[in-house]
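In my numbering, the protein residues as written are 168 to 625.
Accompanying notes for the structure given below.
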Ligand code: F0G
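Structure representation (structure tokens):
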């Protein structure tokens, strides 16, 4: 018999979580103004709000914490991290930041001017926020297949080269400081980008003299998909694939809270010394001195170790197989979600799941609340609330997909938890025909409204 996969680690510390009653959850979600971000974590049983900073560290990472060097300048932990990043990516220049959006803030302050255009694949919301905050524009060039839920294209994060070239022709290098490739592409379902596509984007960008920057939050998961889905890479080591990915870029921003396997941190890594010098000034103003940039020495030490572990095939296999396991359970119940399985989450298709809830009443948010009421599970809306209003017309932007993301933290939950999640979704699916009404907005902020929005039940 072929042996099934099993996690290449065992548990050494556990953390208690508590199941509540439906009555308690009804009260709590009301008090939270129907915004799942406003819940206290103790009011949640299984927390799938995000895979960002919510994973478990290994014993080696905890050991690294004890060896962290807290020197203000020239910390040994910084050099450890710089060496690891260069070994994995080939980028020699490193600027630590306190998390991914801080890396965006520093790098975009360096590179983006008012009126600029940043083409890419479904920019993440903070990324788009940092672009629009500078009165620049993000143009989404993701392939159309990404928006077809049932389409089994293996690399739905890919950039459409025709769309990209049109943007390049229209605006040119003077208006486009860089093209941004997000790996994996979170907003389109944790979908990967193929190496063939990365190579082609680089070639096209070179023709137009436009640099390529990676938003690399989930680069290791992307490399796993290249290894398992792309021809010619099956026999390659994850670290080799990672090195090849970054060889086609000029730099990267990183949220270390994902594939860095740590709870906080980020960085910028660059090939160009001049850009590094300019970005260093912004690092000092916004984050801290260039050898810590908002991170404790101990956190840099844990990150160096985490990056090494995250780029091991055995770890990645267990990670992605767990998401596949959850997906297979949902298949049994015919629950509609973005296929094929992405790297870090299941993205449930709320438009199909709750067809009777009108779009302007936020079906994905409605589904998120129902799942919480059903079982104490917290997901996150990736839909109209997240998409914000158009900065000029102030109308709601209706994205092509209305999704409930169930993000699975790394090395944290067991497959029993996955069974629990699938059963809860099944129960909500069974009563979907009774769910016809959603929510209206009582309060919202100008950008990134989903974090603080307050809703009322219709
Ligand atoms: N880029 C991507 C692709 C992300 O998914 C995130 C964060 C960031 C940048 C920003 O990084 O949080 O460290 O400042 N994503 C989290 C999520 C918040 O839940 O998907 P950060």
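The beta carbon of each residue, even a glycine, is placed where N, CA and C say it ideally should be.
Small disclaimer: the values here were computed from a predicted structure and weren't measured.
(message) Please report the distance separating the alpha-carbon of residue 328 from that of residue 423.
(response) Answer to the nearest angstrom: the Cα atoms are 29 Å apart.
(request) Tell me, to the nearest whole angstrom, how far the beta carbon of residue 503 is from that of residue 516; I am working on the premise that it is less than 8 Å. (result) About 4 Å separates the two Cβ atoms, so the contact holds.
(request) With DSSP as the reference, please indicate the residues paired to residue 548 in a beta bridge. (result) Residue 548 is bridged to 571.
(request) Could you tell me if the beta carbon of residue 300 falls within a distance shorter than 6 Å of some heavy atom in the ligand F0G? (result) Relative to the ligand F0G, residue 300 has its C-beta separated by 6 Å or more from all heavy atoms.
(message) Taking 7 Å as the limit between beta carbons, can you name the residues of its chain near residue 430, skipping five residues before and five after?
(response) For residue 430, where only same-chain residues beyond five positions count, the Cβ hits under 7 Å are 220 and 424.
(request) Let me know if residue 559 comes out buried or exposed under the rule of 16 or more other beta-carbons within 10 Å of its beta-carbon. (result) So residue 559 counts as exposed.
(request) Starting from the N-terminal side, write out each stretch of the alpha helix (DSSP H) that is 4 residues or longer and does not extend beyond the region 319-351. (result) For the region 319-351, whole alpha helix (DSSP H) runs of length 4 or above, ordered along the chain, are 328-342.
(message) Helix, strand or coil for residue 639? Go by DSSP, reduced to three states.
(response) Residue 639 is absent from the structure shown; the chain starts at 168 and stops at 625.
(request) Pick helix, strand or coil for residue 530, following the three-state DSSP scheme. (result) Residue state, collapsed to three classes: helix.
(message) Taking 8 Å as the cut-off, does the region 445-463 touch the region 257-273 (at least 3 CB pairs, one atom from each stretch)?
(response) Judged by Cβ distances under 8 Å, the region 257-273 makes contact with the region 445-463, as three or more pairs qualify.
(message) Restricting to Cα atoms, I'd like to know which of 475, 398, 257 and 542 is closest to residue 585.
(response) Among 475, 398, 257 and 542, the Cα nearest to that of residue 585 belongs to 542.
(request) Between the Cα of residue 459 and those of 195, 262, 343 and 228, spot the shortest distance and give me the residue it belongs to. (result) When only C-alpha atoms are compared, the closest one is 262.
(message) Please report the distance separating the alpha-carbon of residue 440 from that of residue 395.
(response) When only Cα atoms are considered, residue 440 and residue 395 end up about 35 Å apart.
(request) Determine the direct distance from the alpha carbon of residue 505 to that of residue 401, and round the result to whole angstroms. (result) Distance from the CA atom of residue 401 to the CA atom of residue 505, rounded to whole angstroms, is 24 Å.
(message) Within 8 Å, do at least three Cβ pairs link the region 582-599 to the region 228-248?
(response) Contact check between the region 228-248 and the region 582-599: fewer than three CB pairs, one atom from each, fall below 8 Å, which does not count as touching.
(request) Have a look at 390, 610 and 546 and flag the residue whose alpha-carbon is nearest the alpha-carbon of residue 478. (result) It is 390.
(request) Could you please give the first and the last residue of the uninterrupted beta strand (DSSP E) stretch that includes residue 379? (result) Here the beta strand (DSSP E) through residue 379 covers 379-382.
(request) Using 10 angstroms around the beta-carbon of residue 444, count the other beta-carbons present and answer buried if the total reaches 16, otherwise exposed. (result) Exposed: under 16 other Cβ atoms inside 10 Å.
(message) the ligand F0G and residue 370: does the residue's C-beta get closer than 6 Å to at least one heavy atom of that ligand?
(response) Between the ligand F0G and residue 370, a heavy atom-to-CB distance of less than 6 Å is absent.
(message) Could you check whether residue 419 and residue 436 sit closer than 7 Å to each other, using their CB atoms as the reference points?
(response) If you check the CB distance, residue 436 and residue 419 come in under 7 Å.
(message) At the level of alpha carbons, what is the spacing between residue 556 and residue 550?
(response) Rounded to whole angstroms, the gap between the alpha carbons of residue 556 and residue 550 is 12 Å.
(request) Assign residue 536 to one of three DSSP states: helix, strand, or coil. (result) In the structure shown, residue 536 sits in a helix (DSSP, three-state: H, G or I).
(request) For residue 292, I'd like the list of residues in its chain whose CB is within less than 7 Å of its CB, leaving aside the five on either flank, ordered along the chain. (result) Excluding its 5 nearest sequence neighbours in each direction, residue 292 has C-beta neighbours in its own chain below 7 Å: 553 and 615, listed in chain order.
(request) Quick one: residues in its chain with C-beta nearer than 6 Å to the C-beta of residue 281, no 5 flanking neighbours on either side, listed in chain order? (result) Within its own chain, the residues whose Cβ lies closer than 6 Å to the Cβ of residue 281, once the five positions on either side in sequence are excluded, are 302, listed in chain order.
(request) Could you check if residue 241 is buried or exposed, using at least 16 other CB atoms within 10 Å of its CB as the buried criterion? (result) Residue 241 comes out exposed.
(message) Suppose you measure from the CA of residue 412 to the CA of residue 381; what does that come to, to the nearest Å?
(response) Using only the alpha carbons, I get a separation of about 9 Å.
(request) Measure the alpha-carbon distance for residue 574 versus residue 490 and round it to whole angstroms. (result) Here the alpha carbon of residue 574 sits roughly 9 Å from the alpha carbon of residue 490.
(request) Could you tell me if residue 209 is buried or exposed, where buried requires 16 or more neighbouring beta carbons within 10 angstroms of its beta carbon? (result) Per the 10 Å Cβ criterion, exposed.
(request) Return the bridge partner residues of residue 525 from the DSSP annotation. (result) Paired residue(s): none; residue 525 is not in a bridge.
(request) Would you kindly work out how many angstroms separate the C-alpha atoms of residue 583 and residue 317, rounded to a whole number? (result) Straight across, the Cα-Cα distance linking residue 583 with residue 317 is about 26 Å.
(message) Under 6 Å: does the beta carbon of residue 619 sit that close to some heavy atom of the ligand F0G?
(response) No, Cβ of residue 619 sits at least 6 Å from all heavy atoms of the ligand F0G.
(request) Figure out for me which residue from 182, 207, 606 and 251 has the closest Cα to the Cα of residue 427. (result) Of the listed residues, the one whose Cα sits closest to residue 427 is 251.
(request) Rank 611, 580 and 287 by C-alpha distance to the C-alpha of residue 213 and give the top, closest one. (result) Answer by Cα proximity: 580.
(request) Below 8 Å on the Cβ atoms is my guess for residue 324 versus residue 351; work out the distance and round it to an integer in Å. (result) Between residue 351 and residue 324 the Cβ distance is about 6 Å, and since that is below 8 Å, they are a contact.
(message) What would DSSP say about residue 430, mapped onto helix, strand or coil?
(response) Coil at residue 430, not helix or strand.
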